[in-house]
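Chemist:
2 protein chains.
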Amino acid sequence: MSSMLTIGQLADYAGVTIKAIRHYHQRGLLTEPDRDSSGYRRYTAEDAVTLVKIRTLAHAGVPLARIRDLLDADPETLTAAIAEIDHDLEDRIAQLGRTRDQLAQLRRGDRLFVSPEVADYLDDLRDLGVSERAIQVERDGWILMQTASPEDTSLWISEKRELMTDPEFRALYLDYDAAYDWSPNDPRLLDLADRTKNWFTNRHSRSESSPVHNPAIARLAEQSQPGASSPAWDRLAQLTDGQS
Amino acid sequence: MSSMLTIGQLADYAGVTIKAIRHYHQRGLLTEPDRDSSGYRRYTAEDAVTLVKIRTLAHAGVPLARIRDLLDADPETLTAAIAEIDHDLEDRIAQLGRTRDQLAQLRRGDRLFVSPEVADYLDDLRDLGVSERAIQVERDGWILMQTASPEDTSLWISEKRELMTDPEFRALYLDYDAAYDWSPNDPRLLDLADRTKNWFTNRHSRSESSPVHNPAIARLAEQSQPGASSPAWDRLAQLTDGQS
DNA sequence: GCTTGACCTTGCCCCTAGGTCAAGGTTCGA
DNA sequence: TCGAACCTTGACCTAGGGGCAAGGTCAAGC
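From first to last, the protein sequence lines are chains A and B.
Quick note on numbering: the working numbering labels position 14 of the first sequence as 14, and the sequence is numbered without any gaps.
Count along the second sequence from 1, then add 244; that gives the number in the working numbering.
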């Protein structure tokens, strides 16, 4: 009977590779057909139908073992299974859409690496004119904070945000940022150290001190990064620590 | 420095498994960090950033080897690569949508297994009142035909369609279908055989014979399927062959 | 001080869904 | 009749981890 298909013809018809068909035989999805006189596999139209079913389910991401079971399940079970598979597919499509969004964020900056509220905060710093170096140090600090106690991050962020509403603090922040590159002998360091001590004193009198105001936190985050300090900052640390 | 992450903390932060991180170390995607005094890996915030990048690209289906290259590529190369990856993702989403359509067809019938024009033809047969058995035989025949010479199928289908516009042929087709279950001694077989011979005679006189009119084709397709003949049909074959 | 549970370490084999040779035998078309 | 295109089995390879074994370590509670 010449009206039977070779494995290559079957593969072309169903849009799969020969290797895939042999794999399906091995997994018991498609029964091995009879061989012709030269040992070639010869397939029927029914095999083609089964193979198209297999291909469709496999493209939908159904594991081969499950496909095997579905192929000889009763129609209701099959219908229910297809509904479920379709649902999964819908979810996966949505997930891929989300991945595309993340990919777009990856292209644009660091929004992806921290929680949205931290990202907003970093954007605000950027608007204030804070250097990229400082922002990176901040970002890394927040990442560490989030791993340590994710629930608290939100609170800490809002406290830091409030702090930033104080013009004097903002000015100090920016000056510290700028001072990073100064010479340790720069006379402006003395003034900056003075203003820092004053700010702390006033702050203490105005409200109870909360952990976020502790400069140790900032220093911790900074020091976790190599190159996060500078001669000028070391000098500043001396000037403020020595007399507080 | 306690502000460094253990592998578990890092994994939680980035939303991957510990095993995946170790796998990324092995593949050179993430450099092995320093160990603490007890041999535990200790990670920095920078590692977290890198890991989130890796996770995002991996979710997008980028092979790990490619991710490794992208991680230390220059920004333009990266941007171009991301654009390309995004494109692929778009394609894959579209493909999954198509798979969903096919899944829906799988649920509803055999449309999926043959080309649309064959499916339309089979639907017409169904409307004509042809039995499901016969339709299955037809379907399998068309599948074999499509694998043998896909380009010609369209032509053959239109010829068969035209044939079906002949009321006498339609009647013969339906009667043959019905005769499948008859007893080989059924007197109606004689009449059917006569009408068949007459039809062929008239047909021959009306137009030149084209291959599609050759009943051998139909018989070939039928015989490729076990149970595709019956005592009554065997008798009919005798009655028509014997005298033609 | 001891236990318990949660963490970390390396190493090994296992999985899916095939792809890629290699080393032949077969069939088809010009 | 000859080369191209097919078919056969077998063995090995791949990505992206999962799971388990057989430990070492750390922090909390009693």
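Glycine residues also receive a C-beta, built at the ideal position from the N, C-alpha and C atoms.
Ordered along the chain, which non-local residues of its own chain (more than five positions away) have a Cβ less than 7 Å from that of HIS213 (chain A)?
Modeler: Residue confidence is low: HIS213 (chain A) scores 42 on pLDDT, short of 50, so the model does not pin down where it sits. No coordinate-derived value is stated.
Chemist: Run through chain B and tell me which residues come within less than 7 Å of THR196 (chain A), C-beta to C-beta.
Modeler: In chain order: nothing, as chain B lies at least about 23 Å away.
Chemist: Where does ARG285 (chain B) fall in DSSP's three states?
Modeler: Three-state DSSP puts ARG285 (chain B) in a strand.
Chemist: Just the C-alpha distance for GLN102 (chain A) and ALA45 (chain A), rounded to the nearest angstrom, thanks.
Modeler: If you take the alpha carbons of GLN102 (chain A) and ALA45 (chain A), they lie about 46 Å apart.
Chemist: Which residues, taken in chain order from the segment 294-310 of chain B, show a beta carbon closer than 7 Å to some beta carbon of chain A?
Modeler: From the segment 294-310 of chain B, only VAL296, LYS297, THR300, HIS303, ALA304 have a Cβ closer than 7 Å to chain A.
Chemist: ARG463 (chain B) by DSSP, collapsed to three states: which one?
Modeler: Because the pLDDT of ARG463 (chain B) is 43, which lies under 50, any placement of that residue in the model is unreliable, and the question is left without a value.
Chemist: Mind listing the chain A neighbours of ARG336 (chain B)? Cutoff is C-beta to C-beta under 8 Å, in chain order.
Modeler: Neighbours of ARG336 (chain B) on chain A, chain order: LEU96.
Chemist: For LEU172 (chain A) versus THR201 (chain A), is the C-beta spacing smaller than 8 Å?
Modeler: No, Cβ-Cβ distance for LEU172 (chain A) and THR201 (chain A) is not below 8 Å.
Chemist: Keeping to the same chain, check which residues put their C-beta closer than 8 Å to that of GLU452 (chain B); ignore five residues upstream and five downstream.
Modeler: In this prediction, GLU452 (chain B) has a pLDDT of 47, which is less than 50 and means its spatial position is unreliable; nothing more can be read from the coordinates.
Chemist: Between the C-alpha atoms of PRO319 (chain B) and ASP120 (chain A), what's the straight-line distance to the nearest angstrom?
Modeler: Taking the straight line joining both Cα atoms gives about 23 Å.
Chemist: Going along chain A, which residues have a C-beta under 7 Å from ARG344 (chain B)?
Modeler: Ordered by position in chain A, the residues that pass the 7 Å Cβ test against ARG344 (chain B) are ASP86, LEU89.
Chemist: Identify, in the order they occur along the chain, each residue of the same chain with its Cβ nearer than 6 Å to the Cβ of ALA378 (chain B), setting aside the five sequence neighbours on each side.
Modeler: Cβ neighbours of ALA378 (chain B) beyond the five flanking positions: ASP421.
Chemist: Just list the beta strand (DSSP E) runs in the segment 3-31 of chain A, keeping only unbroken ones of 3 residues or longer that don't cross its boundaries, in chain order.
Modeler: Runs of the beta strand (DSSP E) inside the segment 3-31 of chain A: none found.
Chemist: Using beta carbons (cut-off 8 Å, strictly below), is THR391 (chain B) in contact with chain A?
Modeler: Yes, THR391 (chain B) lies at the interface with chain A (some Cβ there is under 8 Å from its Cβ).
Chemist: Looking at the strands, I want to know which residues DSSP matches up with ARG279 (chain B).
Modeler: DSSP lists B:ARG285 as partners of ARG279 (chain B).
Chemist: Less than 8 Å separating the beta-carbons of ASP478 (chain B) and PRO428 (chain B)?
Modeler: Yes.
Chemist: For GLY353 (chain B), which of helix, strand or coil comes out of DSSP?
Modeler: Three-state result, GLY353 (chain B): coil.
Chemist: Is the shortest distance between the beta-carbon of SER473 (chain B) and the beta-carbons of chain A less than 8 Å?
Modeler: So no, SER473 (chain B) is outside the interface.
Chemist: Which chain A residues are close to ASP384 (chain B), counting only those with a beta carbon under 7 Å from its beta carbon?
Modeler: Result: ALA45, GLU46.
Chemist: Taking the alpha helix (DSSP H) that TYR173 (chain A) belongs to, which residues open and close that run?
Modeler: First-last of the alpha helix (DSSP H) with TYR173 (chain A): 167-179.
Chemist: Can you say whether ALA348 (chain B) is buried or exposed, counting buried as having 16 or more other CB atoms within 10 angstroms of its CB?
Modeler: By the neighbour-count rule (16 or more Cβ atoms within 10 Å), ALA348 (chain B) is not buried but exposed.
Chemist: Does the contact criterion of 3 or more C-beta pairs under 8 Å hold for the segment 49-62 of chain A versus the segment 299-307 of chain B?
Modeler: Touching, no.
Chemist: Against chain A, with Cβ distances strictly below 8 Å, would PRO455 (chain B) count as a contact?
Modeler: Because PRO455 (chain B) sits at a pLDDT of 44, beneath the cut-off of 50, its placement in the model cannot be relied upon, and the following sentence gives the value as read from the coordinates. So no, PRO455 (chain B) is outside the interface.
Chemist: Could you say which of A:THR77, A:ILE157, A:VAL114, A:ASP166 lies nearest to GLY259 (chain B) if we only look at CA atoms?
Modeler: Comparing Cα-Cα distances from GLY259 (chain B) to each of A:THR77, A:ILE157, A:VAL114, A:ASP166, the minimum goes to A:VAL114.
Chemist: Cα-Cα, which of A:VAL130, A:LEU128, A:THR77, A:GLY61 is closest to GLN339 (chain B)?
Modeler: Nearest of A:VAL130, A:LEU128, A:THR77, A:GLY61 to GLN339 (chain B), Cα basis: A:GLY61.
Chemist: Got a sec? Which residues, its chain only, sit under 7 Å from SER398 (chain B) by beta carbon, not counting five neighbours each side?
Modeler: Result list for SER398 (chain B): GLU361, in chain order.
Chemist: Just the Cα atoms here: how many angstroms apart are GLY97 (chain A) and GLU90 (chain A)?
Modeler: So the alpha carbons of these two residues sit roughly 11 Å apart.
Chemist: In chain order, what residues of the same chain lie with their CB nearer than 6 Å to the CB of PRO33 (chain A), ignoring the 5 residues before and after it?
Modeler: Contacts found: ARG41, ARG42, TYR43.
Chemist: Going by C-alpha distance, which of A:LEU106, A:ASP88, A:LEU71, A:ASP69 is nearest ASP330 (chain B)?
Modeler: Closest by alpha carbon: A:LEU106.
Chemist: With H, G and I counted as helix, E and B as strand and the rest as coil, what does DSSP make of SER158 (chain A)?
Modeler: Helix, per DSSP.
Chemist: Compare the C-alpha of GLU84 (chain A) against each of B:ARG344, B:ILE401, B:ALA324, B:THR391 and name the closest.
Modeler: The shortest Cα separation from GLU84 (chain A) among B:ARG344, B:ILE401, B:ALA324, B:THR391 belongs to B:ARG344.
Chemist: Assign GLY385 (chain B) to one of two classes, buried (16 or more other C-beta atoms within 10 Å of its C-beta) or exposed (fewer than that).
Modeler: Per the 10 Å Cβ criterion, buried.
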